[in-house]
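K.L.:
Heads up: the sequence shown begins at 19 in our numbering, then just goes up one per residue. Even glycine gets a Cβ: it sits at the ideal position worked out from N, Cα and C.
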Amino acid sequence: MNAYRAKPLKYPWPPMLYLTGILTAMLAGRIAALAPIPSPYGFALSSVGLAILLAAVMLDVWAVRTLIGRQTPVSDCRCARHLVTCGPFRFSRNPIYLAYTLFAVALGLISGNSWFFVAALVSLGATRLIAIPREERHLEARFGFDYDSYRKRTRRWI
C-alpha cells in the first residue's frame with residue numbers, strides 16, 4: 019500500500035466523538051431521563067464508577083506518556099513516527115479509545131444517568147467506523163509487516 023494514500027486522520031475524530039457523546043448524554047439526562055439506576059445500589063455503583071473513572075484516567079495518561087516517550091505524536095492527525103507496542107499498547111491497540119469509553123461508562127455509574135452508557139456505545143461504534151480503519155491503513159502503510167504482526171498478536175480493545 020502506498021504510504022501517501024494512507025494519510026493519518028484529517029480531524030481528531032475520536033476525542034470529538036466522545037466529547038459530543040458525553041455532552042449529549044448530559045443534555046439528554048436533563049431533558050428525557052432513561053430508566054434511572056436503582057437507588058439501593060446507588061452508592062455501590064458510584065464507588066465502582068469512581069474506580070473505573072480513575073482507571074480510565076490512569077490508562078489514558080499511561081498511553082499518552084508511552085507515545086511521548088517513543089517520540090510519536092499523540093494526535094491521530096499527525097503521521098506516526100514509530101510503531102509503539104509497549105506500555106498499554108502491549109494489551110490493546112487502542113488504549114486511549116478504551117480509556118475514553120471507560121470514562122463515559124464511569125460517568126454513567128457516578129451520575130446515575132443511563133444516557134452515558136448509550137453515549138459510550140455510540141461513540142465507540144462511531145470511532146470504530148470513522149477513525150480506526152483509516153488509522154490502521156496508515157499504520158500498515160508506514161510499518162508494513164511489523165504492524166501486521168502487532169495487529170495479529172494484540173487485540174483491538176482488551
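Within the continuous alpha helix (DSSP H) that includes Ala124, where are the two ends?
P.N.:
Residues Pro113 to Ser129.
K.L.:
Measuring straight from C-alpha to C-alpha, what distance separates Phe134 and Pro106?
P.N.:
Cα to Cα, the separation comes out at about 25 Å.
K.L.:
Could you tell me which of Ile148, Tyr165 and Ser129 sits nearest to Ser64, measuring between CA atoms?
P.N.:
Comparing Cα positions, the closest option is Ser129.
K.L.:
Give the straight-line distance between the Cα atoms of Thr119 and Leu127, rounded to the nearest whole angstrom.
P.N.:
If I take the Cα positions, the gap works out to 13 Å.
K.L.:
Under a Cβ-count criterion, where at least 16 other Cβ atoms within 10 Å of its own Cβ denotes burial, should Met19 be classed as buried or exposed?
P.N.:
Since pLDDT at Met19 reaches only 49, below the 50 mark, its modelled position is unreliable, and no value is offered.
K.L.:
Verify whether the separation of the beta carbon atoms of Thr172 and Arg111 is less than 8 Å.
P.N.:
In this structure, Arg111 lies closer than 8 Å to Thr172 by Cβ.
K.L.:
Count the other CB atoms, across all protein chains shown, that sit within 10 Å of the CB of Asp166; report buried if there are 16 or more and exposed otherwise.
P.N.:
By the neighbour-count rule (16 or more Cβ atoms within 10 Å), Asp166 is not buried but exposed.
K.L.:
Exposed or buried, which one is Val79 when buried takes at least 16 other CB atoms within 10 Å?
P.N.:
Val79 is exposed by the Cβ-count criterion.
K.L.:
In this structure, does DSSP put Ile86 in helix, strand or coil?
P.N.:
Helix.
K.L.:
Checking 8 Å against the spacing of the C-beta atoms, do Gly39 and Ala124 come in under that value?
P.N.:
Contact flag unset, no.
K.L.:
Could you pull the start and end residues of the alpha helix (DSSP H) that Trp31 belongs to?
P.N.:
Run containing Trp31: Trp31 to Ile49, per the alpha helix (DSSP H) assignment.
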